[in-house]
Each structure stands twice: as structure tokens, then as C-alpha cells.
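Q: Numbering (our numbering), first residue to last: 31 to 566. Where a beta carbon is used, it is the ideal one built from N, C-alpha and C, also for glycine.
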Amino acid sequence: MASIVCPKLGAVPTGQRSCHQLELHPKTTQKSTQPVAHRLGENLGFGFRRTIKSPHALATEASTPLNENDKMMANYVPIYVMLQLGIVTIDNVLEDKVGLEKQLKQLKGANVDGVMCDVWWGIVESKGPKEYDWSAYRVLFQLVQDCGLKMQVVMSFHQCGGNVGDVVNIPIPQWVRDVGETNPDIFYTNRAGNRNIEYLTIGMYRDYMKSFKETMADFLEAELFTDIEVGLGPAGELRYPSYPQSQGWVFPGIGEFQCYDKYLQADFKEAATNAGHPEWEFPDDAGEYNNNPDVTGFFGSKGYLSEKGKFFLTWYSNKLLIHGDQILNEANKAFLGCKVKLACKLTAGYYNLNDRDGYRPIARMLSRHYGAFNFTCLEMRDSEQDAAAKSGPQELVQQVFSSVKREDVHIAGENALERYDRDAYNQILLNVRPNGVSRNEPPKLKMEALTFLRLGDELLKKKNFRLFKTFAYNADPRTYSSVVPLERSKPEIPIEELLKASEWLEPFPFDDQTDMSVGGKLNDFIDGLLDKIPFF
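Here it is in C-alpha cells:
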């Protein structure tokens with residue numbers, strides 16, 4: 031999975047949503063003989079696997095009484111572990127197959143559901159247009175299948191490198207960059223004219239996804255893949271490249287707008303003219319990457335709250351919405367009929383105000399493609415954030431969860447940073463089941479999956495892996511039923527209908543803490559003692 035950066039995740043201030051955040055960080059098997067009440071108390075992690083049989087979730091499902099054997103299943107959240115970014119090298123070779131197999135078997139022993147990996151465009155189609163080489167990925171997929179795990183795969187059309195946590199460099203294909211040499215406006219551009227080559231402004235990736243489907247037909251038929259996550263922008267996220275570390279950005283700088291290529295400038299001019307304001311231009315006082323919003327003109331009350339400011343921000347966010355809709359439509363056509371779910375990854379930093387929801391329009395758009403909404407920063411707490419950043423990750427997760435559920439869309443989550451401590455695990459457990467375990471009926475609020483960052487030596491250290499196995503505890507492993515075939519996308523939703531979902535509604539209430547804690551400081555102390563005993 032592409033690198034995730036802290037600032038994009040905790041970008042919404044506690045008790046305040048400011049528009050400058052757009053740029054800040056824009057399974058039927060054997061029955062258990064144990065009484066269900068005992069199993070509920072014993073399970074510190076997720077419990078039992080839940081079979082997903084519907085292409086999209088309903089937040090307002092009718093409450094149906096559960097029998098004793100299904101109570102835990104209804105609460106289970108499948109767990110996937112991210113593989114290393116460079117598991118397939120830039121030279122298209124699977125790195126350390128023997129070592130990886132050992133690690134995958136350890137994950138299987140911990141009863142996780144599967145793994146996630148990026149499938150890099152820059153590796154597979156590096157030699158030229160439609161010259162695909164999937165060989166290394168086929169070896170990887172076969173290995174995962176042989177280890178008895180499922181997979182989430184990411185169609186990674188973006189560059190790896192230039193973001194915090196990117197430990198390898200995998201650029202987009204050279205032949206695409208060569209086109210950019212003669213037509214640099216295919217890349218996102220900031221006001222100073224600096225181009226960002228992480229991702230293209232335009233482009234349909236139909237052929238790449240079609241080739242994946244054809245080459246991996248046997249794995250699709252065997253239902254190895256549960257999710258196809260479609261990369262929609264930098265770091266695989268639906269966003270602009272507004273805060274590139276490669277151009278000097280550091281947290282908590284506000285970032286910059288990325289719309290100064292000739293195509294977007296022409297589009298804005300046409301939109302402004304049609305609105306009766308041909309004189310309107312892009313803002314020239316929105317600051318630079320590392321500015322504080324208070325020193326800019328645009329993020330003052332006479333900037334973003336003015337008629338011109340609101341028009342620009344609406345246009346800017348709409349372009350992103352349309353971009354995501356178009357690529358997901360192509361993904362839906364490519365994988366139509368396959369027993370997979372489509373997903374896309376979201377971040378912080380949309381046009382999100384005290385009276386405007388920046389996430390629900392995206393969820394509404396996603397609903398027509400039977401997609402899942404993947405959000406991150408599940409491990410973060412407000413108290414851990416730098417006060418200067420005015421960052422409120424807990425409120426952000428609560429808002430996003432609520433907005434997505436109101437649009438009847440599946441929501442899944444990730445942790446943003448590599449964390450192996452109890453505080454992080456407990457926060458994740460709270461966010462995936464905000465109102466705890468439901469003992470008599472399916473929970474109304476629950477995420478559909480968790481992807482945990484990341485597989486490697488640190489996770490597999492004795493103490494860390496012991497705690498992870500507690501977190502992912504599942505005493506009665508079960509098997510999956512088939513996911514239903516992907517349906518064709520519903521009719522396109524007019525932008526006006528999408529924007530109606532921007533009406534602000536209060537988020538659903540979350541509990542203060544999880545009811546399935548993996549422990550606290552006393553447990554940490556015991557862990558320290560256990561580490562000194564050789565056989566633990």
C-alpha cells in the first residue's frame with residue numbers, strides 16, 4: 031500500500047472544520063461448544079470472520095435476532111496486512127520468496143484473513159504502451175493462495191516515492207514521462223509552475239485493468255481477491271498532490287492548489303464565464319506549501335468565504351469528484367461480473383466546512399459503482415497530535431464513518447502509521463465498531479474490513495507479534511462464502527445531486543472507548559516480563 035502521511039489524516043481541527051484543510055492534507059462451519067457469552071468475553075480482537083455477500087452495505091439494516099452461533103460472526107471485521115511497498119522490485123522480480131512465504135505462514139497462524147499489495151503500473155507496463163509483464167505478480171499471488179490467505183490488490187497508477195514513508199522509488203512508466211517532456215501540462219501544476227509527476231491529471235486506465243483481469247482470470251475464478259482498490263491519485267488516494275515532500279513540504283504546512291496546468295485553467299475560465307464572471311481567476315494569495323493559513327489572504331474570511339472563493343473551491347472539489355467517478359466507471363466495466371468488490375482510498379483535505387460535508391458527495395458517487403470507501407488514521411487520537419496543527423483525527427473518522435454510512439456504502443479502514451502498541455490497537459477497535467459488540471443483533475455501525483500496516487520484521491518481533499495475535503484473536507477460523515459478482519454501475523448521478531449530499535448532518539455518536547480492549551499499562555508491564563522468559 032502506498033505510503034500514508036500523518037498530516038493528511040488528522041487535518042480537521044477539533045470542533046472546527048475549515049476550508050483550508052482542502053490543501054492542508056487536501057463465514058457456515060463447525061459450531062463452537064463454548065457458550066457465546068464466554069466467547070464474547072474471551073475475544074479481545076475481532077472474533078469470527080464475517081462473510082460479505084452483498085455488493086453494498088446498508089447502514090439502516092433491519093435488526094434481525096441472531097442465533098447463538100451467529101452472534102460473533104455478525105461482529106467480525108476481516109483483517110488484512112499490507113505487504114511491503116517493494117515486494118516486487120522495480121526490475122519486476124519478487125523479492126525474497128522464501129522469506130515472504132515464512133512470513134505469510136506466520137500471518138496465517140495468527141488467523142488474519144489476507145494481505146494487501148500494490149500492483150504498480152510503473153513496473154508492469156514499464157516497457158511501453160500495452161506491453162504488460164505480470165509474471166512477478168503471478169508468482170506472488172500463487173504464493174499467497176498456497177498459504178491459504180485472501181488478497182486485496184491495489185491498482186497503483188501513481189508513483190511510489192516523494193511521500194513520507196516511501197522507502198522505495200517506483201515512478202510512473204518512462205514512456206509516460208517522455209510524453210510529459212513535450213506536453214508537461216498532463217501533470218498537475220502549482221501556481222509557481224512546478225510539475226508533479228506522481229499522477230496524471232487525466233487518463234483512463236482501462237487497458238491496464240482489462241489486462242489484469244485477463245491475466246489473473248484463474249485467481250479471480252478461485253476468488254483469491256476480495257477487493258480491487260483503484261488508485262485515484264497520489265499515494266493511491268482521491269486527492270490532488272497538494273503537499274509533496276519532494277518539493278519541500280513539511281507538516282503542518284497548508285500545501286498548495288494544483289490546478290495551474292493549461293487544461294484546468296481553461297476549464298475554470300469556461301466555468302466562471304458560464305457563471306457570469308469571466309473576470310475571475312485562480313487565487314493568487316493562497317500561500318505556499320509550508321505557510322500557516324493565517325498568513326494568507328485566501329484563507330481569511332474575505333477569501334474562501336466570498337462568492338468567488340466558494341465558487342473556486344466548489345469547482346476545484348468537483349473536478350476531483352468527476353475524476354474519481356470516471357475512473358471507477360472504467361474499473362467497474364473492467365471487472366464487471368467478477369466476484370470482487372471495488373474500493374477507493376480517501377484521505378483528509380476536502381472542501382469540508384462547519385456547514386458543508388466534504389465526504390458524503392464522494393460516498394454518493396461511490397455508491398453507484400457498488401464500491402467501498404477506504405479511510406485511514408484509525409489508530410490516531412487527538413491527544414497525540416501537535417497542537418499547532420489543530421488536528422482532530424478522532425472527529426474526522428467519526429464524521430467520515432457517519433457520512434459514508436448515510437449513503438449506504440461499505441466503509442473499511444487502515445492505520446496510517448506503523449504502530450504496535452496497545453493504545454493504537456484499542457483506538458482501531460473503537461473505530462471499527464464505534465458502539466461496541468452487539469450481543470443480540472447485527473451491529474448498526476461496523477466497518478467491513480481493516481487493513482493493517484504493515485508486514486515486516488518490526489511486526490514479527492516477539493513482543494509485537496504476540497500482541498498482534500491478541501488483537502486479531504479468532505479461536506474458530508471459518509471459510510468465506512462467495513462474494514456476489516460485481517454489477518454494472520448505476521446511471522451517472524448529476525453533479526447537482528451529488529452536491530446535495532454536502533448538507534451538514536451531525537455524526538453518529540461513538541463510544542468513548544472500545545469494549546474489547548487489548549489491555550493497558552499493566553499488560554505492557556507483563557509483556558516486559560514475558561520478554562525475559564526464553565520460551566515466550
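1) Count the other C-beta atoms from every protein chain shown that fall within 10 angstroms of the C-beta of Glu478, then say buried if there are 16 or more, exposed otherwise.
2) May I ask you to report which of helix, strand or coil DSSP gives Val119?
3) Grouping DSSP H, G and I as helix and E and B as strand, with all else coil, what is Phe298?
4) Does Gly283 come out as helix, strand or coil in the three-state DSSP assignment?
5) Pick helix, strand or coil for Lys240, following the three-state DSSP scheme.
6) Beta carbon of Gln182, beta carbon of Asp257: below 8 Å?
7) Can you give me the C-alpha to C-alpha distance between Trp345 and Leu460, rounded to a whole angstrom?
8) Could you tell me the distance, in whole angstroms, from the CA atom of Ser397 to the CA atom of Lys375?
9) Between the Cα of Trp150 and those of Val128, Lys180 and Leu113, spot the shortest distance and give me the residue it belongs to.
10) Where do the N-terminal and C-terminal ends of the beta strand (DSSP E) with Thr481 fall, by residue?
11) Tell me the rounded alpha-carbon separation between Val145 and Ser413.
12) DSSP on Pro564, reduced to helix/strand/coil?
13) Whose C-beta lies closer than 6 Å to the C-beta of Gly333 among residues of the same chain, with five residues either side of it excluded?
14) Nearest to Tyr218 by alpha carbon, out of Glu286, Phe171 and Ala531?
15) Determine which residues share a DSSP beta bridge with Leu372 and list them.
16) To which residues of the same chain is Gly152 closer than 6 Å at the C-beta, ignoring the five residues directly before and after it?
17) Starting from Asp148, trace the alpha helix (DSSP H) in both directions and tell me its first and last residue.
18) Could you have a look at Asn141 and say whether DSSP puts it in helix, strand or coil?
19) Less than 8 Å between the CB atoms is what I'm expecting for Asn167 and Asp143, so what's the real figure, rounded?
20) Could you spell out the range, first to last residue, of the alpha helix (DSSP H) harbouring Phe217?
21) Specify the secondary structure class of Gly486 as computed by DSSP and reduced to three states.
22) Here's the rule: buried if 16 or more other CB atoms are within 10 angstroms of the residue's CB, otherwise exposed. What is Trp205?
23) Tell me where the alpha helix (DSSP H) around Glu251 begins and ends.
24) Please determine, among Ala419, Glu409 and Val430, the residue with the shortest C-alpha to C-alpha distance to Pro391.
25) Thinking just about the alpha-carbon of each residue, which of Gly466, Ala140 and Phe501 is nearest to the one in Tyr455?
26) Just the C-alpha distance for Val118 and Glu337, rounded to the nearest angstrom, thanks.
27) For Asp237, collect the residues of the same chain with a Cβ closer than 7 Å to its Cβ; drop the 5 residues on either side in sequence, then sort them by chain order.
28) For Gln356, does the three-state DSSP call read helix, strand or coil?
29) Tell me the rounded alpha-carbon separation between Gly278 and Lys476.
30) Taking the runs of the beta strand (DSSP E) that are 3 residues or longer, which of them lie wholly in the region 396 to 480?
31) Compare the Cα-Cα distances from Leu559 to each of Lys493, Ser547 and Leu535 and report the closest residue.
32) Hey, out of Lys371, Phe312 and Gly354, whose CA is closest to Val514's CA?
33) Would Glu517 and Tyr400 qualify as a contact pair, given that the criterion is a beta-carbon distance under 8 Å?
34) Please classify Ser20 as buried or exposed, where buried requires at least 16 other C-beta atoms within 10 Å of its C-beta.
35) Taking DSSP as the reference, what is the three-state secondary structure of Met112?
A: Result, derived from the coordinates:
1) By one-based count along the sequence shown, residue 478 stands at place 448. By the 10 Å Cβ count, Glu478 comes out buried.
2) In the sequence shown, the residue the question calls residue 119 occupies position 89. Just to set this straight, residue 119 is Thr in the shown sequence, not Val. It is coil, neither helix nor strand.
3) As a working note, residue 298 is residue 268 in the sequence shown. It is helical.
4) Locating residue 283 in the sequence shown gives position 253, where the first residue counts as 1. Looking at Gly283 - three-state DSSP - the assignment turns out to be coil, as it is neither helix nor strand.
5) Counting from 1 along the sequence shown, the entry for residue 240 is found at position 210. Helix at Lys240.
6) Within the sequence shown, numbered from 1, the residue matching residue 182 stands at position 152. Within the sequence shown, numbered from 1, the residue matching residue 257 stands at position 227. Yes.
7) To locate residue 345, count along the sequence shown from 1; it is residue 315. To locate residue 460, count along the sequence shown from 1; it is residue 430. Whole-angstrom Cα-Cα distance: 36 Å.
8) Within the sequence shown, residue 397 is the residue found at index 367, counting from 1. Within the sequence shown, residue 375 is the residue found at index 345, counting from 1. Roughly 14 Å separates the two Cα atoms.
9) Counted from its first residue, the sequence shown places residue 150 at position 120. Of the listed residues, the one whose Cα sits closest to Trp150 is Leu113.
10) Counting from 1 along the sequence shown, the entry for residue 481 is found at position 451. Its beta strand (DSSP E) spans residues Leu480 to Phe482.
11) Start at 1 with the first residue of the sequence shown, and residue 145 comes out as number 115. Start at 1 with the first residue of the sequence shown, and residue 413 comes out as number 383. Taking the straight line from one Cα to the other gives about 30 Å.
12) Translated into positions along the sequence shown, residue 564 becomes position 534. Correct three-state label for Pro564: coil.
13) If you number the sequence shown from 1, residue 333 lands on position 303. Here the set comprises Gly327 and Gly339.
14) Counted from its first residue, the sequence shown places residue 218 at position 188. The option with the nearest alpha carbon to Tyr218 is Glu286.
15) Taking the sequence shown and counting its residues from 1, one reaches residue 372 at position 342. Beta-bridge pairing links Leu372 to Ile258 and Gly401.
16) On the sequence shown, position 122 is the one that residue 152 refers to. These residues qualify, in order along the chain: Ile200, Pro201, Ile202 and Pro203.
17) Numbered from its first residue, the sequence shown carries residue 148 at position 118. Per DSSP, Asp148 belongs to no alpha helix (DSSP H); it is in the beta strand (DSSP E), Gly144 to Trp150.
18) Counted from its first residue, the sequence shown places residue 141 at position 111. Asn141: coil per DSSP, three-state reduction.
19) Position 137 of the sequence shown holds residue 167. Position 113 of the sequence shown holds residue 143. Looking at the sequence shown, residue 167 is not Asn but Tyr. That pair is no contact at about 20 Å.
20) Locating residue 217 in the sequence shown gives position 187, counting from the first residue. Per DSSP, Phe217 belongs to no alpha helix (DSSP H); it is in the beta strand (DSSP E), Phe217 to Thr219.
21) What you label residue 486 is simply residue 456 of the sequence shown in a count that begins at 1. Correct three-state label for Gly486: coil.
22) Position 175 of the sequence shown holds residue 205. Exposed, since its Cβ has fewer than 16 Cβ neighbours within 10 Å.
23) Within the sequence shown, numbered from 1, the residue matching residue 251 stands at position 221. Unbroken alpha helix (DSSP H) run through Glu251: Ala247 to Glu251.
24) Taking the first residue of the sequence shown as position 1, residue 391 is located at position 361. The shortest C-alpha separation from Pro391 is found at Val430.
25) Numbered from its first residue, the sequence shown carries residue 455 at position 425. Of the listed residues, the one whose Cα sits closest to Tyr455 is Phe501.
26) For the purposes of this step, residue 118 is taken as residue 88 along the sequence shown, with counting starting at 1. For the purposes of this step, residue 337 is taken as residue 307 along the sequence shown, with counting starting at 1. Cα-Cα distance, rounded: 49 Å.
27) Here residue 237 corresponds to residue number 207 of the sequence shown, with the count starting at 1. Taken in chain order, the residues that qualify are Lys160.
28) In the sequence shown, residue 356 corresponds to position 326, counting from 1. Helix.
29) Along the sequence shown, read from residue 1 onward, the residue named residue 278 stands at position 248. Along the sequence shown, read from residue 1 onward, the residue named residue 476 stands at position 446. Whole-angstrom Cα-Cα distance: 38 Å.
30) 401 to 405 and 440 to 444
31) Counted from its first residue, the sequence shown places residue 559 at position 529. Selected option, being the one with the closest Cα: Lys493.
32) Here residue 514 corresponds to residue number 484 of the sequence shown, with the count starting at 1. Closest by alpha carbon: Lys371.
33) Taking the sequence shown and counting its residues from 1, one reaches residue 517 at position 487. Taking the sequence shown and counting its residues from 1, one reaches residue 400 at position 370. Yes, Cβ-Cβ distance for Glu517 and Tyr400 is below 8 Å.
34) The structure shown does not extend to residue 20, since the chain is modelled only from 31 through 566, so no value can be given for it.
35) Sequence index remark: in the sequence shown, residue 112 carries index 82 (1-based). If DSSP states are grouped into helix, strand and coil, Met112 belongs with the strands.
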